[in-house]
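Working notes, structure below.
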Amino acid sequence: MHMYDCPKFDGCNAPICPLDPNWKRARHMDGERACFYLTEYAKPNARPILERALTEDLCQTLVNVYPEIIVQPGWLKRQLSRSSVNPPRIGRMPGRAAA
0 MHMYDCPKFD GCNAPICPLD PNWKRARHMD GERACFYLTE YAKPNARPIL ERALTEDLCQ
60 TLVNVYPEII VQPGWLKRQL SRSSVNPPRI GRMPGRAAA
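Letter 10 of the sequence shown, counting from 1, is numbered 9 in numbering that gives the first Met the number 0, and no numbers are missing.
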């Protein structure tokens, strides 16, 4: 899989992309956006939704890369940790709060 295979590729500005084979060389600075799918994968309740909504390749990439990303120190780890306690956004209607 390549970064451009991601459904969010055209509008994404995240410096760390799980589909980028060189993600380990990238730096995530304070205040930068995190990958939508990484923030959703951080939420235990969102994982089954992700499995239904995404391709098998993209899901498998998240499964493989997330454990390596979450142990990296810094802003992205804190951002993903904060996301883990919020309700999933994937599968929601835009503009609607989670039920």
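Where a beta carbon is used, it is the ideal one built from N, C-alpha and C, also for glycine.
A straight-line Cα-Cα distance of about 10 Å links Y3 and C11.
Under the three-state reduction of DSSP, L53 is assigned to coil, being neither helix nor strand.
In the displayed model, N85 falls within coil according to three-state DSSP, outside both helix and strand. Counting along the chain, L37 sits inside the alpha helix (DSSP H) bounded by residues 35-40.
A straight-line Cα-Cα distance of about 15 Å links N21 and C34. Of the candidates A41, D9, E31, A41 places its Cα closest to the Cα of E67.
Within its own chain, the residues whose Cβ lies closer than 7 Å to the Cβ of F8, once the five positions on either side in sequence are excluded, are M2, listed in chain order. Assignment of P20 by DSSP, reduced to helix, strand and coil, places it in the coil class. Taken atom to atom, the span from the alpha-carbon of D29 to that of D19 is near 20 Å.
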